[in-house]
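First comes the structure, then the notes that go with it.
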Amino acid sequence: MTLPQVPFDDRGLAYGDGVFETVLLRHGEPVLWPYHVARLVRGCQCLGIPTPCQAAIEATWQGKATAPLEVLKLIVTRGSGGRGYALPDPPAPRLLSQRTVFAPMVERWKNGVTVRICCLRLGHQPALAGIKHLNRLENVMARQEWRDAMIAEGLLADQQGQLVEATSMNVFWQQRGQVFTPPLDKCGVAGTLRRALIDQGAVSEASLSLELLPRMERVWVANSVQGVWPVHTLLSEDNVCLQRFQGDRHDKFQTLAHRLLGYAPTPMQ
């Protein structure tokens, strides 16, 4: 595969001036595709980048599949040009894509995962909240906080200590039998699986402080590529155990989410 070359003056490279999507392909067909396109369009609109035409976006996944499961990454940048932060006039957006073979971490579906609370706190920027823009430095910095392979994810809160997301996944919890996820109107990435679950009526938005998280009945992290990982152990910023959550061999939340992604239910051990 010949990878696309990004010019030195591309604004996505220079400033993070663009958006991206990571899409699960099943037998060459994109999963949750309308949700990914909608978020891509919204991200371009938020940044004032002309959205590539629908035919160009659709062409990124059309073609022979190389494996039963692949991941398609789409990147839209504003293109090249402009003086400093000033915008090019007219802009010539650049659409890049790449497909790679993928295998989900099934053992994490079955056995659950350990997650830790990150020290880094997310800043509020409502103008960018929800979209998957190319400047993900907060997430990169948070991911540097641990190297232990036994820790699968890190949970991120905002400056007020309100839970927002994980470094590369959305976070969900169960309280009194209902499943919730944080609102993402001030910061964070609104995942496509998260949106689909809300539309299904399976998840509601609610705020939750970090100090209350250990009191919840269950916790999950999830995205549209890896699926749902039940959390069995929650660690503090200092890697002290805060809570061990009980698993469920018949995890209804995971089953529903995996049905949306085309993954078979996998009972926890």
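The numbering of the sequence shown is numbering that gives the first Met the number 0, which starts it at 0 and goes up by one. By construction, the Cβ of each residue, glycine as well, lies at the ideal position given by its N, Cα and C atoms. Keep in mind the model is a prediction, meaning the values are calculated, not measured.
DSSP places R25 in the strand class (E or B) of the three-state scheme. Spanning the alpha carbons of F7 and L241 requires a straight line of approximately 46 Å. The C-beta distance from V202 to V178 rounds to 5 Å, short enough to meet the 8 Å contact threshold. Secondary structure note for T99: its beta strand (DSSP E) is the uninterrupted segment 93 to 100. With three or more CB-CB distances shorter than 8 Å, the segment 168 to 188 counts as touching the segment 128 to 136. For N138, the enclosing alpha helix (DSSP H) stretches over residues 136 to 142.
Here L86 is not near L121, since their CB atoms are 8 Å or more apart. For P213, the three-state secondary structure derived from DSSP is helix. Spatial neighbours of L209 in its own chain (CB-CB distance under 7 Å, excluding positions within 5 residues in sequence) are listed in chain order as I116, A156, G160, L162. Restricting attention to Q174, V239, W219, the CA atom closest to the CA of K109 is found in W219.
For W172, the beta-bridge partners assigned by DSSP are F179, V218. Judged by DSSP in its simplified three-state form, P229 adopts strand. Per the DSSP secondary-structure output, L73 pairs in a beta bridge with E20, S96. The criterion of a C-beta distance shorter than 8 Å is not satisfied by E69 and L31. Ranking A58, T76, P67, N222 by CA distance to the CA of Q44 puts T76 first.
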